[in-house]
């Protein structure tokens, strides 16, 4: 009988620990969401995560302000070079040389002027160097 009561007691304790762990997990999720919202709204007041979590668990966390309306994105001062028509002058010059070398490659290949075994990378390297100089 004692073994039965001890086993039942252990199960009850385990369930209690499981429930408190689940509740602690919910608190962490809730506090984490509040922290991320406060961080996004710049309303942390200089608190780090540990300080915010301690205050949140104690129920004294500062209320999170409503999110501010989304601001219009600021146009980038320097356009990304991977977008068509938005390249730096140096990249544009390189692409122009590559196109010109491609045309020369096609013409030389059709005329049989490409040395045996030469591939496009070698031709491009030599042509690019010639056009740069």
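Numbering (UniProt numbering), first residue to last: 1 to 133.
Heads up, the beta-carbon is just placed ideally off N, CA and C, and yes, glycines get one too.
Fair warning: this is a prediction, and the values are worked out from it, not measured in the lab.
Nonlocal neighbours in the same chain, by C-beta distance under 8 Å from residue i, ignoring five residues either side
| i | result |
| --- | --- |
| residue 132 | 97 |
| residue 31 | 52, 53, 56, 57 and 61 |
| residue 118 | none |
| residue 110 | none |
| residue 93 | none |
Selected residue, minimal CA-CA separation from residue i, among the options
| i | options | result |
| --- | --- | --- |
| residue 27 | 55, 104 and 119 | 55 |
| residue 129 | 100, 42, 46 and 40 | 100 |
| residue 136 | 124, 110 and 42 | Here the chain comprises residues numbered 1 to 133, so residue 136 is not present and cannot be evaluated. |
Beta-carbon proximity check, residue i vs residue j, cutoff 8 Å
| i | j | result |
| --- | --- | --- |
| residue 127 | residue 91 | no |
| residue 44 | residue 50 | no |
Close Cβ partners of residue i (< 7 Å) along its chain, the five nearest in sequence each way excluded
| i | result |
| --- | --- |
| residue 120 | 105 |
| residue 108 | 114 |
| residue 102 | none |
Nonlocal neighbours in the same chain, by C-beta distance under 6 Å from residue i, ignoring five residues either side
| i | result |
| --- | --- |
| residue 116 | none |
| residue 17 | Residue confidence is low: residue 17 scores 49 on pLDDT, short of 50, so the model does not pin down where it sits. No coordinate-derived value is stated. |
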